Amino acid sequence: MKQEPRLDVTAPPDLHARLKTRLLLRPRNEVLYARARAEGLTELQARVLAGRLADYEGELAPLTQPSLRYLEHPERLADGRRAAERIATAVTEGEHIGILTDYDVDGITSHVVIRRTLVEVFGVPESRLHSLIGHRIHDGYGISLPLVERTLGLSPRPSLVITADCGSSDEPRIARLKAAGIDVVVSDHHALPIEGPPPSAHAVVNPTRSDCQYPDRTIAGCMVAWLVMSLTRSVLIEWGVLPDATPKLSAWLSYVALGTVADCVSLGASPANRAVVSHGLALINRMEAACWRAMATRLGEDSVPFSAETLAFQMGPRINARSRLDDPYAALHFMLAGDDATAIRHLQTLDEDNQSRKAIEAEMVEEARALALPQLEADLPALVVYLESGHPGVQGIVASRLVQAFGRPALVLTPAAAPNMLTGSGRSIEALHLRDVLQRVHELAPEALPRFGGHRGAAGVGVPMERLKAFRSAFLQAVEEQLGGLELFPHVFTDGTLASGQFQLATLLELEALGPYGREFDAPLFEGEFLVESLRSVGADGTHLSMTLSAGATSLKAIWFRALTPGELPAFGLGDRLRCAYRLSRNRWRGQESLQLMIEHAEPLVAKHRAT
Numbered sequence: 001m002k003q004e005p006r007l008d009v010t011a012p013p014d015l016h017a018r019l020k021t022r023l024l025l026r027p028r029n030e031v032l033y034a035r036a037r038a039e040g041l042t043e044l045q046a047r048v049l050a051g052r053l054a055d056y057e058g059e060l061a062p063l064t065q066p067s068l069r070y071l072e073h074p075e076r077l078a079d080g081r082r083a084a085e086r087i088a089t090a091v092t093e094g095e096h097i098g099i100l101t102d103y104d105v106d107g108i109t110s111h112v113v114i115r116r117t118l119v120e121v122f123g124v125p126e127s128r129l130h131s132l133i134g135h136r137i138h139d140g141y142g143i144s145l146p147l148v149e150r151t152l153g154l155s156p157r158p159s160l161v162i163t164a165d166c167g168s169s170d171e172p173r174i175a176r177l178k179a180a181g182i183d184v185v186v187s188d189h190h191a192l193p194i195e196g197p198p199p200s201a202h203a204v205v206n207p208t209r210s211d212c213q214y215p216d217r218t219i220a221g222c223m224v225a226w227l228v229m230s231l232t233r234s235v236l237i238e239w240g241v242l243p244d245a246t247p248k249l250s251a252w253l254s255y256v257a258l259g260t261v262a263d264c265v266s267l268g269a270s271p272a273n274r275a276v277v278s279h280g281l282a283l284i285n286r287m288e289a290a291c292w293r294a295m296a297t298r299l300g301e302d303s304v305p306f307s308a309e310t311l312a313f314q315m316g317p318r319i320n321a322r323s324r325l326d327d328p329y330a331a332l333h334f335m336l337a338g339d340d341a342t343a344i345r346h347l348q349t350l351d352e353d354n355q356s357r358k359a360i361e362a363e364m365v366e367e368a369r370a371l372a373l374p375q376l377e378a379d380l381p382a383l384v385v386y387l388e389s390g391h392p393g394v395q396g397i398v399a400s401r402l403v404q405a406f407g408r409p410a411l412v413l414t415p416a417a418a419p420n421m422l423t424g425s426g427r428s429i430e431a432l433h434l435r436d437v438l439q440r441v442h443e444l445a446p447e448a449l450p451r452f453g454g455h456r457g458a459a460g461v462g463v464p465m466e467r468l469k470a471f472r473s474a475f476l477q478a479v480e481e482q483l484g485g486l487e488l489f490p491h492v493f494t495d496g497t498l499a500s501g502q503f504q505l506a507t508l509l510e511l512e513a514l515g516p517y518g519r520e521f522d523a524p525l526f527e528g529e530f531l532v533e534s535l536r537s538v539g540a541d542g543t544h545l546s547m548t549l550s551a552g553a554t555s556l557k558a559i560w561f562r563a564l565t566p567g568e569l570p571a572f573g574l575g576d577r578l579r580c581a582y583r584l585s586r587n588r589w590r591g592q593e594s595l596q597l598m599i600e601h602a603e604p605l606v607a608k609h610r611a612t
């Protein structure tokens, strides 16, 4: 079954036991729980809040009542004023401007924010702008050498390049652009190299800078871009170029909300991220932009209003799928579409790519699981898997699946476009800072890791093929140094149980009032025992389970996505009792709403019989 990793039958029995998923009750911040109750939160809301903010000591209102008034002024960003003045100069003097961003959702939404601001607010003609987005496979991440060559080959050539969601680790390429007379303004949120900001850049706006006074280091790249462009608006007003009544950029927070959710930055103790996602969702649900209307049409009328979950699991994967398998410009055109027909046409391309991505992912996950088995038998603290025929655009997703299944950090490598090089994506567990691990690997074996980047939960690497063994050894050493022998196993944290009387839509509304949910502020997950009243496999390949579960006198509809592999039968049947980890969700059908359970994990307690 899905909840237990599919291991070779020859695997040692103790390995099966070590890899059995455990349901663990979230540790509770008792001081915060008491404060939340005293400030009027319900018991359930206080429980959820106190289970997610272990060390939080600030005011509750910025988290429980997200508002744009909690955003800090962009002047507090190191180099923010210098960046804004350089962009303002380019606007006023008619310079050609390059917009260079990453190819994922954060990068694409950053691109939209910068481009729409320049054109629609600052009045820059489209003919003076150049969109520069790298190809994930052929160009690689950041200000890559192919992107530099493409920029230098433009006619007319831009005299300013604005980056977003990349650039902090690209000093050699920035230096080459500078030597050619092109200023580079970097806006980014990825960790800086130990050498500090790239010195050849005209300005480097990054909240992770040691000299940066901006209080929130967790904001996404699209948020940094939005702050820089907001400050540029202020500068242009100060200079008398724009009137005082020039609209603020709050309308673009719809894109910032999407990029923030999709990039998995913290939605925990971050008033800024919570505010922009909350406000952005309100903007999205006005359905004023063609991209949102096209997605609502694709998902069906019952999908509206969109939630953070819609952005994370419906929009994000479709936009990312394009860059994983091909060039990302269809995603940019979709986000910028001026009419519904254009948006729907580009969305069809994204949908097709997403379906192809799913098929590739399934094959790669199966191979990666098999290659991980010997490492699991050796009880290594991390998994390093090399897929000789794997698609580099799906590495990160496969790494995520390994982390979920086996409860330890994972790095998936495939051949790179450059000869004799491997490219890889890693995903981490809560206890491990992956970017710090890679920095340590670079110190231990610099020749084995010439290029890397990322943040706490996700990172990318470039590894010479002949140095793979040395890289693997240094990586395992660095992980072990940071984890210090911590026991590793697949687990699911829950918020405890619900009483039968709480299985109602009112409880869901109570929980939704604490949203938005996302990374480091996970959606509430509960556990309980249920009787199986009905079950059937659904979906095109029969991998999902639709069930009716009962708790006492209460019967509930439930859905378990990816519960089975194609052709697999459930390990339980009618009349069996299940121990489940589940979320409450809203099932909309023809204008009617009902409560349903979204099963995340289930295991039979007493198997009376098995499906045959």
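In terms of UniProt numbering, the sequence shown is numbered consecutively and its last residue is 612. Note that CB positions come from ideal geometry on N, CA and C, so glycine has one too. In this text the structure is predicted, and so the values were computed from the model without any measurement.
From what residue to what residue does the alpha helix (DSSP H) around residue i run?
i: Ser537; result: No alpha helix (DSSP H) holds Ser537; the beta strand (DSSP E) holding it covers 526-538.
i: Ser546; result: Careful: Ser546 lies outside any alpha helix (DSSP H), inside the beta strand (DSSP E) at 544-551.
i: Tyr582; result: Looking at the DSSP string, Tyr582 is not in any alpha helix (DSSP H); the run it does join, the beta strand (DSSP E), is 577-589.
i: Ala459; result: Element bounds for Ala459: not the alpha helix (DSSP H) but the beta strand (DSSP E), 458-464.
i: Thr414; result: Note, Thr414: premise wrong, no alpha helix (DSSP H); beta strand (DSSP E) at 410-415.
i: Val365; result: 340-377
i: Thr152; result: With the sequence shown as reference, residue 152 is identified as Leu, and Thr is not the correct amino acid for it. Unbroken alpha helix (DSSP H) run through Leu152: 145-152.
i: Leu258; result: 253-262
i: residue 614; result: The structure shown does not extend to residue 614, since the chain is modelled only from 1 through 612, so no value can be given for it.
i: Glu443; result: 434-444
i: Ala84; result: 80-92
i: Gly107; result: 105-116
Which two residues bound the contiguous beta strand (DSSP E) that contains residue i?
i: Thr101; result: 97-101
i: Val121; result: Neither: Val121 is in no beta strand (DSSP E) and is coded neither H nor E.
i: Lys557; result: 554-560
i: Tyr329; result: Run containing Tyr329: none in the beta strand (DSSP E); it sits in the alpha helix (DSSP H), 329-336.
i: Ser131; result: 129-133
i: Val385; result: 383-386
I need the DSSP call for residue i, collapsed to helix, strand or coil.
i: Ile68; result: Contrary to the premise, residue 68 reads as Leu rather than Ile in this sequence. In this structure, Leu68 counts as helix in the three-state DSSP scheme.
i: Asn420; result: coil
i: Met598; result: strand
i: Asn29; result: coil
i: Cys291; result: helix
i: Phe306; result: coil
i: Gly316; result: helix
i: Phe452; result: strand
i: Gln592; result: strand
i: Arg18; result: helix
i: Arg6; result: Residue confidence for Arg6 is low, a pLDDT of 43 falling below 50, so the modelled location carries little weight and cannot support an answer.
i: His609; result: Residue confidence for His609 is low, a pLDDT of 44 falling below 50, so the modelled location carries little weight; the figure read from the coordinates is stated next. The answer is coil: DSSP assigns His609 none of H, G, I, E or B.
i: Phe503; result: coil
i: Met1; result: Bear in mind that a pLDDT of 43 at Met1, under 50, signals an unreliable position, so the model cannot answer this.
i: Ser425; result: strand
i: Glu238; result: helix
i: residue 631; result: Residue 631 lies beyond the stretch modelled for the chain, which goes from 1 to 612, so this question has no answer here.
i: Leu53; result: coil
i: Pro74; result: helix
i: Pro516; result: coil
i: Glu603; result: strand
Assuming the contact rule is C-beta atoms closer than 8 Å, residue i and residue j should be a hit. Round their C-beta distance to whole Å, please.
i: Leu60; j: Ala36; result: 6 Å
i: Ser155; j: Gly181; result: 14 Å between Cβ atoms; not a contact.
i: Leu19; j: Phe406; result: 6 Å
i: Ile133; j: Thr101; result: 6 Å
i: Ile174; j: Val184; result: 5 Å
i: Ala364; j: Leu387; result: In the sequence under discussion, the amino acid at residue 364 is Met, which differs from the Ala named in the question. With a Cβ gap of about 6 Å, Met364 and Leu387 count as contacting.
i: Glu533; j: Ser550; result: 5 Å
Cβ contact (3+ pairs, closer than 8 Å) linking the region 319-328 and the region 390-399: yes
Residue ranges of each alpha helix (DSSP H) within the region 162-231, 4 or longer: 171-179
Three or more C-beta pairs under 8 Å: does that hold for the region 467-480 against the region 515-523? As far as the Cβ criterion goes, the region 467-480 does not touch the region 515-523, which means the pair count is below three.
Which parts of the region 467-500 are runs of the alpha helix (DSSP H), unbroken and 4 residues or longer, counting only runs that do not cross its ends? 468-483
Validate contact between the region 339-348 and the region 366-380 using beta carbons, cut 8 Å, 3 pairs: no
Hey, is the region 50-70 in contact with the region 212-224, meaning 3+ C-beta pairs nearer than 8 Å? no
How do the region 485-495 and the region 521-529 stand: do at least 3 beta-carbon pairs fall below 8 Å, yes or no? yes
Looking at C-beta atoms only, is the number of pairs between the region 269-285 and the region 303-311 that lie closer than 8 Å three or more? yes
Segment contact, 8 Å Cβ cut-off, at least three pairs: the region 99-115 with the region 255-263: yes
Okay, do the region 81-97 and the region 200-219 touch, 3+ Cβ pairs below 8 Å being the bar? Because the criterion of three Cβ pairs below 8 Å is met, the region 81-97 and the region 200-219 touch.
Contact between the region 234-245 and the region 23-33 is defined here as three or more beta-carbon pairs at a separation below 8 Å; is this criterion met? The region 234-245 is not in contact with the region 23-33.
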